[in-house]
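What follows is one structure encoded as structure tokens, with my remarks underneath.
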Amino acid sequence: MVFDITSTWGDRHYVGLNGIEIFSVTGELVQVSSISAQPADINVLPEYSKDPRVVENLLDKVNRTRDDMHLWLTPFTQGKHHYISITLEQVQT
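Below, the structure written as structure tokens:
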């Protein structure tokens, strides 16, 4: 599953999310085996190296928060692609 983020809520330089939840047709939370992003996170910028706002935080189930330890933030460039790729543990139909 791939998400391509093409706009923000108004920030011209960054895009971020609190969490992603994926549910089956029966309403159960689907298990994710891996997640990645391109660009990965804010740590791709030279002025950052250990910022906690990484893509893995999108799956930590702490979604109603403003705590950086549970967020994802990445640079945003208008007209470019900003991907989040998720592999599920089992095929869902």
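Residues in the sequence shown are numbered consecutively from -13, following this note's numbering.
For glycine and all other residues, C-beta sits at the position ideal for the given N, C-alpha and C.
The structure presented is a predicted model; accordingly, all values stated were derived computationally and were not measured.
Self-check item: Unbroken beta strand (DSSP E) run spanning Phe9, endpoints
Solution: Against the sequence shown, residue 9 aligns to sequence position 23. Note, Phe9: premise wrong, no beta strand (DSSP E); not H, not E.
Exercise. Determine the closest residue to Ile6 out of Asn29, Lys66, Asp46, with distance taken between C-alpha atoms.
Key: Numbered from its first residue, the sequence shown carries residue 6 at position 20. Closest option to Ile6, Cα to Cα, is Asp46.
Quiz prompt | Closest residue to Leu62 among Val(-12), Met(-13), Trp(-5) (Cα-Cα distance) | solution = Position 76 of the sequence shown, counted from the first residue, corresponds to residue 62. The residue you asked about is not Leu; residue 62 is Phe in the sequence shown. Comparing Cα positions, the closest option is Trp(-5).
Quiz item: Whole-angstrom Cβ separation of Thr73 and Val18, contact assumed at under 8 Å?
Solution: Position 87 of the sequence shown holds residue 73. Position 32 of the sequence shown holds residue 18. Contact holds; Cβ gap of about 7 Å.
Self-check item: Alpha carbon of Lys66 to alpha carbon of Thr(-8), nearest angstrom
Solution: Taking the sequence shown and counting its residues from 1, one reaches residue 66 at position 80. Taking the sequence shown and counting its residues from 1, one reaches residue -8 at position 6. If I take the Cα positions, the gap works out to 7 Å.
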